[in-house]
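Presented below is the structure to which this report refers.
Protein chains: 2
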Amino acid sequence: MENIIIKPIGIIHSPYNSSEGIPIQGKFKKEALAYAELLPEYETGLKDLDGFSHAILLYHFHEQKEEKLLAQPYLEKVKHGIFAIRSPYRPNRIGFSIVKINKIEANCLYFTEVDVFDGTPLIDIKPYVEYFDKRENVKSGWIEKHFQNKNKVPKQAIL
Amino acid sequence: MENIIIKPIGIIHSPYNSSEGIPIQGKFKKEALAYAELLPEYETGLKDLDGFSHAILLYHFHEQKEEKLLAQPYLEKVKHGIFAIRSPYRPNRIGFSIVKINKIEANCLYFTEVDVFDGTPLIDIKPYVEYFDKRENVKSGWIEKHFQNKNKVPKQAIL
Numbered sequence: 070m071e072n073i074i075i076k077p078i079g080i081i082h083s084p085y086n087s088s089e090g091i092p093i094q095g096k097f098k099k100e101a102l103a104y105a106e107l108l109p110e111y112e113t114g115l116k117d118l119d120g121f122s123h124a125i126l127l128y129h130f131h132e133q134k135e136e137k138l139l140a141q142p143y144l145e146k147v148k149h150g151i152f153a154i155r156s157p158y159r160p161n162r163i164g165f166s167i168v169k170i171n172k173i174e175a176n177c178l179y180f181t182e183v184d185v186f187d188g189t190p191l192i193d194i195k196p197y198v199e200y201f202d203k204r205e206n207v208k209s210g211w212i213e214k215h216f217q218n219k220n221k222v223p224k225q226a227i228l
Numbered sequence: 070m071e072n073i074i075i076k077p078i079g080i081i082h083s084p085y086n087s088s089e090g091i092p093i094q095g096k097f098k099k100e101a102l103a104y105a106e107l108l109p110e111y112e113t114g115l116k117d118l119d120g121f122s123h124a125i126l127l128y129h130f131h132e133q134k135e136e137k138l139l140a141q142p143y144l145e146k147v148k149h150g151i152f153a154i155r156s157p158y159r160p161n162r163i164g165f166s167i168v169k170i171n172k173i174e175a176n177c178l179y180f181t182e183v184d185v186f187d188g189t190p191l192i193d194i195k196p197y198v199e200y201f202d203k204r205e206n207v208k209s210g211w212i213e214k215h216f217q218n219k220n221k222v223p224k225q226a227i228l
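As given, the protein sequences belong to chains Y and G, one line each in that order.
Be aware that the first sequence starts at 70, since it is given in my numbering, and climbs by one per residue.
Be aware that the second sequence starts at 70, since it is given in my numbering, and climbs by one per residue.
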């Protein structure tokens with residue numbers, strides 16, 4: 070199979086310059102504000118995204134140079150297969166976040182529910198669609214035990 | 070910003086060799102069975118994924134050579150910004166599907182809820198996590214009007 074060449078479409082500006090205080094998923098710490106600045110040539114592609122409440126961002130974990138097949142997630146000390154966790158140490162190091170859209174102005178998408186480092190190269194934006202992306206009867210494997218209390222975010226979920 | 074080199078981690082084998090009969094999202098036609106065959110060196114990364122009911126697949130829309138900033142989705146004849154639709158004509162042509170895990174055997178992940186063509190290069194697998202990936206109070210922009218009747222899949226959702 071041939072390699073695939075990805076050209077970043079922009080950059081993510083975030084208040085997180087280190088892992089301190091960053092949530093493992095943006096929904097666990099809602100107040101931080103970030104924005105994705107697209108290269109000017111992609112601005113047209115944002116048309117009508119402002120009708121959606123949430124967007125999916127794909128980006129490159131550019132600070133991780135190492136790839137692992139087994140790794141320890143933030144939630145516990147047990148190692149799992151890299152495809153059963155959301156760790157940045159994954160092959161191809163592509164990150165996936167669901168963020169809450171605040172506003173769109175020109176080539177910039179402002180959002181909250183941020184779990185991305187400042188300076189992260191952006192690869193794609195997709196609309197989050199209730200009718201496509203919400204599933205029922207979901208089993209969340211080794212993660213279930215950390216969310217037994219649905220009203221409480223585990224303390225390991227914020228670094 | 071530098072280009073990013075992606076090495077496919079495997080290939081998706083699917084019953085869909087053309088767009089005929091393929092759903093625009095796997096959840097709209099549940100019966101088809103497909104599997105992702107990882108390169109043998111990635112098999113270890115699947116450890117513990119079998120505890121999850123659903124997985125997120127990232128892959129390359131390898132059959133699309135053209136990129137557009139405005140495009141027409143399957144659901145309607147109106148053009149929207151490429152980042153407000155899920156069209157394969159997007160910059161970097163990365164596809165995203167949530168699939169239902171059937172079983173995992175050695176380096177193969179068998180799944181249903183398939184919306185991917187046979188032979189598609191696989192880039193990443195992530196666990197779908199109820200506590201991370203389901204959002205409440207979602208607004209789905211131009212897509213809302215096609216799902217007013219929550220019990221009925223629009224006929225344009227299957228090609």
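Ideal placement from N, C-alpha and C gives every residue a C-beta, glycine not left out.
Fair warning: this is a prediction, and the values are worked out from it, not measured in the lab.
- Task: Return no unless some Cβ of chain Y is closer than 9 Å to the Cβ of Lys224(G).
- Result: In the second sequence, residue 224(G) corresponds to position 155, counting from 1. Lys224(G) has a beta carbon lying at 9 Å or more from every beta carbon in chain Y.
- Message: Checking 9 Å against the spacing of the C-beta atoms, do Phe201(Y) and Ile167(G) come in under that value?
- Response: Taking the first sequence and counting its residues from 1, one reaches residue 201(Y) at position 132. Taking the second sequence and counting its residues from 1, one reaches residue 167(G) at position 98. Result yes, Cβ atoms of Phe201(Y) and Ile167(G) sit closer than 9 Å.
- Item | Per DSSP, cross-strand counterpart(s) of Thr189(Y) | Walking along the first sequence from the start, residue 189(Y) turns up at place 120. When DSSP reads this structure, Thr189(Y) sits in a beta bridge with Ile81(Y).
- Query: For Gly114(Y), is the classification buried or exposed, using 16 other Cβ atoms within 10 angstroms of its Cβ as the cut-off for buried?
  - Reply: Indexing the first sequence from 1 puts residue 114(Y) at position 45. Flag for Gly114(Y) reads buried.
- Item | According to DSSP, residues forming a beta bridge with Thr181(G) | Taking the second sequence and counting its residues from 1, one reaches residue 181(G) at position 112. DSSP, once it has assigned bridges, lists Leu102(G) and Lys169(G) as partnering Thr181(G).
- From Ile93(Y) to Leu228(Y), what does the alpha carbon distance come to, in whole angstroms? For the purposes of this step, residue 93(Y) is taken as residue 24 along the first sequence, with counting starting at 1. For the purposes of this step, residue 228(Y) is taken as residue 159 along the first sequence, with counting starting at 1. Those two C-alpha atoms are separated by around 7 Å.
- Start and end residues, alpha helix (DSSP H) containing Tyr200(G): Here residue 200(G) refers to the residue found at position 131 of the second sequence. That run of the alpha helix (DSSP H) goes Glu199 to Asp202.
- Query: To the nearest angstrom, how far is it from the Cα of Lys146(Y) to the Cα of Gln225(G)?
  - Reply: Here residue 146(Y) corresponds to residue number 77 of the first sequence, with the count starting at 1. Here residue 225(G) corresponds to residue number 156 of the second sequence, with the count starting at 1. Per the coordinates, the alpha-carbon of Lys146(Y) lies some 46 Å from the alpha-carbon of Gln225(G).
- Item | Interface residues of the region 100-123 of chain G facing chain Y [CB-CB below 7 Å] | Within the region 100-123 of chain G, the residues whose Cβ lies closer than 7 Å to some Cβ of chain Y are Tyr111, Thr113, Gly114, Leu115, Lys116, Asp117, Leu118, Gly120, Phe121, Ser122 and His123, listed in chain order.
- Query: If we count the other Cβ atoms within 10 Å of its Cβ and call it buried at 16 or more, is Asn218(Y) buried or exposed?
  - Reply: Along the first sequence, read from residue 1 onward, the residue named residue 218(Y) stands at position 149. So Asn218(Y) ends up on the exposed side.
- Query: Is the region 161-178 of chain Y in contact with the region 129-136 of chain Y, if contact means three or more CB pairs nearer than 8 Å?
  - Reply: Output reads yes: the region 129-136 of chain Y touches the region 161-178 of chain Y.
- Are Ala175(Y) and Ser156(Y) closer than 9 Å when you measure CB to CB? For the purposes of this step, residue 175(Y) is identified with residue 106 of the first sequence, where counting begins at 1. For the purposes of this step, residue 156(Y) is identified with residue 87 of the first sequence, where counting begins at 1. Not in contact: Ala175(Y) and Ser156(Y) (Cβ atoms no closer than 9 Å).
- Taking C-beta pairs closer than 8 Å, name the residues in chain G that Ser83(Y) reaches, listed in chain order. As a working note, residue 83(Y) is residue 14 in the first sequence. Chain G residues near Ser83(Y): none, gap ~16 Å exceeds 8 Å.
- Task: Would you check if the distance between the CB atom of Leu191(Y) and the CB atom of Ile91(Y) is smaller than 9 Å?
- Result: In the first sequence, counting from the first residue as 1, residue 191(Y) sits at position 122. In the first sequence, counting from the first residue as 1, residue 91(Y) sits at position 22. Taking a C-beta distance under 9 Å as the contact criterion, Leu191(Y) and Ile91(Y) do not qualify as a contact pair.
- Local conformation of Phe121(Y) per DSSP, three classes: In the first sequence, counting from the first residue as 1, residue 121(Y) sits at position 52. In the structure shown, the three-state DSSP call for Phe121(Y) is strand.
- Query: Among Ile78(Y), Ile74(Y) and Leu102(Y), which residue has its Cα nearest to the Cα of Asn187(Y)?
  - Reply: Taking the first sequence and counting its residues from 1, one reaches residue 187(Y) at position 118. Residue identity differs from the one stated: residue 187(Y) is Asp in this sequence, not Asn. The candidate whose alpha carbon is nearest that of Asp187(Y) is Leu102(Y).
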